[in-house]
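Chains Z and A, in that order, are what the protein sequence lines are.
Each step along the first sequence adds one to the number in our numbering, with nothing skipped, and position 22 is 22.
Each step along the second sequence adds one to the number in our numbering, with nothing skipped, and position 221 is 221.
Note that beta-carbon positions come from the ideal geometry of N, C-alpha and C, so glycine has one too.
In what follows, a structure is listed as structure tokens, so that the remarks can point back to it.
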Amino acid sequence: MTGSVAIGPTDTKARATPLAMNKAVPRPRVNGRAIVMGLYLLFLMLPIYWLVNMSLKTNAEITSGLTLWPQDLTFDNYRTIFTDESWYSGYINSLTYVLINTVLSISFALPAAYAFSRYRFLGDKHLFFWLLTNRMAPPAVFALPFFNLYSAVGLFDTPWAVALAHCLFNVPLAVWILEGFMSGVPREIDETAAIDGYSFPRFFVKIFMPLIASGIGVAAFFCFMFSWVELLLARTLTSVNAKPIAATMTRTVSAAGMDWGLLAAAGVLTIVPGALVIWFVRNYIAKGFALGRV
Amino acid sequence: MTKTVNNRAWFFVLPVFAIVAFSAILPLMTVVNYSVQDTFGNNQFFWNGIGWFQDLLDPSSQLGERFFDSLWRTLLFSAIILMIEVPLGIAVALAMPREGWTVALCLVLMALPLLIPWNVVGTIWQVFARGDIGLLGWVVNRLGIDYNYTGDPLDAWITIIVMDVWHWTSLVALLCYAGLKSIPDAYYQAARIDGASRWAVFRTIQLPKMRRVLLIAVLLRFMDSFMIYTEPFVLTGGGPGNATTFLSIDLVKLALGQFDLGKAAAMSLVYNLIILAICWVFYTIMTNVDAQRGRVEA
């Protein structure tokens, strides 16, 4: 289905030259672009299709042979997840720390990004690189010390531990993205507002933030994304009360033997929040991926 | 844009500095602390000086051999990933439709793999590539190719690489697409008047305009592929044997599996320094490109 969607009169040249085409013998034009795009999307969607397909089958059907669509359609796998607390609390835990992290990262990063985009100060370049290096540090390095640290301060197994730990890579990223967007706003606006008698906090909230609203949206999207997909730290810093869904998935399944259908259904449900978020920011995705620097 | 010098800007940066330092400097000091000590369990630690580092950097010792094996494996993986994903990403970005509702649809579908939790990515491919219940494994086996990613090292590598291409090519493509979108139409019109070929347009207009975003793409892809952990861990668990034990998998095995804190900490530090050095090179190139562009436009 996805293959056919991308094919269409998208090439502006093809649309602009209908007369030239009528003169010659009408020959089916091969649209190379649509083919590349179609094949790529097909490649992306196949594994996801297979996951959805499996989530709607019974285990007997999955193990008995290969079927391209569920012969014996069942929603039992989803019903299990929505009724069993050990399952759905995983989703609530994950969403909790992701949201805390996003709010924390953005509110801390906003003033810092402003400072980086407007002023030069002692050690600014070094500080910026140091921040970025934390985005580059492998979480595997930090897993064990984090465990010690958060146990020591009594945050272990709370959403706050995971949210704070994820700040390590999300805050630098948010600063980087927001700095890019803020540098696109001319300085004259700051100066004019000051002359008009705006105090700095009022200027920042009333005038400046609306101007970079899309940047804030993009930064929030990235924080959401990286916090949602990360598992190593989230799993290390939680045991029972704040266990993320992705960890619930691996443990429960291996304990109960391989319940493929349930595993697939849980997998599908972890894709849903991401898909929703993408839909809301689809018009900013391209710019955001360039971190505001295009 | 010229910036004014104002050291009070530090007050704005202070909260970020504090929150990142809490999560970065304190744990880092713990790692440094462990790296110079040896432990026999029971929370008893003994001073070991730079012994672990000597072992680690000496390929003839047991620890050093293991470290260098994982390091080459990881570097090879990063190199292969970059060689596949960057050209493919550019091709996909060039193939994006120009306008209409298909643009949004393509963007959303392309971004989808990026927002799947990493262990679910591993699970998806674990299932998809299985010979008995997975579509890919089943089809490949039916074609008469003997394929089994849990038994054969080469198959395991291919599966992990295809998985990573599936997972991350969209990031490169979206970045390149953002770069392409910023090219004014006038450039293409001028090229058409000059009678430039498709290839010439790509070489002289599109590629230079994408250079900046490509650098970001290469930087992000290098960092993330060099510290890949979750996906191969779920898919192969580092096996068969040690064939897909990348540095971070090895590190976690050492630290949490064997509880060899001293060795693991020393390894963490060296690993971190390697990443730091490579990223510093990328970062310097990037800021230089920035500065050049600033001069040209000013």
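Boundaries (first-last residue) of the alpha helix (DSSP H) holding residue i
i	result
residue 191 of chain Z	187-195
residue 206 of chain A	Segment: none, residue 206 of chain A is in no alpha helix (DSSP H) and carries neither H nor E.
residue 126 of chain A	118-128
residue 61 of chain Z	59-64
residue 171 of chain Z	159-183
residue 65 of chain A	62-94
residue 239 of chain A	It is not in any alpha helix (DSSP H) - residue 239 of chain A carries neither H nor E in the DSSP assignment.
residue 33 of chain Z	32-55
residue 150 of chain Z	139-152
residue 215 of chain Z	213-229
residue 161 of chain A	153-181
residue 251 of chain A	247-252
residue 280 of chain Z	260-281
residue 203 of chain Z	200-203
Identity of the residues DSSP links to residue i by a beta bridge
i	result
residue 47 of chain A	A:37
residue 5 of chain A	Z:120
Check whether residue i and residue j have beta carbons under 8 Å apart
i	j	result
residue 117 of chain Z	residue 179 of chain Z	yes
residue 12 of chain A	residue 219 of chain Z	no
residue 37 of chain Z	residue 96 of chain A	yes
residue 41 of chain Z	residue 56 of chain Z	no
residue 251 of chain A	residue 243 of chain A	no
residue 100 of chain Z	residue 159 of chain Z	yes
residue 144 of chain A	residue 138 of chain A	no
residue 111 of chain A	residue 175 of chain A	no
residue 110 of chain Z	residue 166 of chain Z	no
residue 10 of chain A	residue 85 of chain A	no
residue 70 of chain A	residue 259 of chain A	no
residue 220 of chain A	residue 122 of chain A	no
residue 193 of chain Z	residue 216 of chain Z	no
residue 288 of chain A	residue 231 of chain Z	no
residue 168 of chain Z	residue 225 of chain A	no
residue 48 of chain A	residue 38 of chain A	yes
Within-8 Å CB hit, residue i to chain A
i	result
residue 146 of chain Z	yes
residue 78 of chain Z	no
residue 228 of chain Z	yes
residue 90 of chain Z	no
residue 204 of chain Z	no
residue 198 of chain Z	no
residue 8 of chain Z	Residue placement at residue 8 of chain Z cannot be trusted, given a pLDDT of 41 that sits under 50; what the coordinates show is reported in the next sentence. Yes, its Cβ sits closer than 8 Å to a Cβ of chain A.
residue 223 of chain Z	no
residue 182 of chain Z	no
residue 97 of chain Z	no
residue 209 of chain Z	no
residue 171 of chain Z	yes
residue 237 of chain Z	no
residue 103 of chain Z	no
residue 82 of chain Z	no
residue 274 of chain Z	yes
residue 50 of chain Z	yes
residue 156 of chain Z	no
residue 109 of chain Z	yes
residue 193 of chain Z	no
Best match in the options for proximity to residue i [C-alpha to C-alpha]
i	options	result
residue 113 of chain Z	Z:234, Z:38 and Z:127	Z:127
residue 32 of chain A	A:272, A:279 and A:278	A:272
residue 172 of chain A	A:126, A:147, A:151 and A:93	A:93
residue 271 of chain Z	A:61, A:117 and A:189	A:117
residue 49 of chain Z	A:127, A:208 and A:150	A:127
residue 6 of chain A	Z:53, Z:105, Z:65 and Z:121	Z:121
residue 211 of chain Z	Z:237, Z:183 and Z:233	Z:183
residue 95 of chain Z	Z:268, Z:283 and Z:243	Z:243
residue 29 of chain A	Z:135, Z:149 and Z:88	Z:149
residue 74 of chain A	A:255, A:152 and A:249	A:249
residue 280 of chain A	Z:283, Z:284 and Z:135	Z:135
residue 89 of chain A	A:65, A:207 and A:292	A:207
residue 239 of chain A	A:269, A:160 and A:140	A:160
CB contact check: residue i to chain Z, cutoff 8 Å
i	result
residue 229 of chain A	yes
residue 83 of chain A	no
residue 153 of chain A	no
residue 232 of chain A	no
residue 10 of chain A	yes
residue 27 of chain A	yes
residue 193 of chain A	no
residue 113 of chain A	yes
residue 288 of chain A	no
residue 187 of chain A	no
Heavy atom of the ligand FMN within 7 Å of residue i beta-carbon
i	result
residue 273 of chain A	Annotation note on the ligand FMN: not contained in the displayed structure, which lists no ligands.
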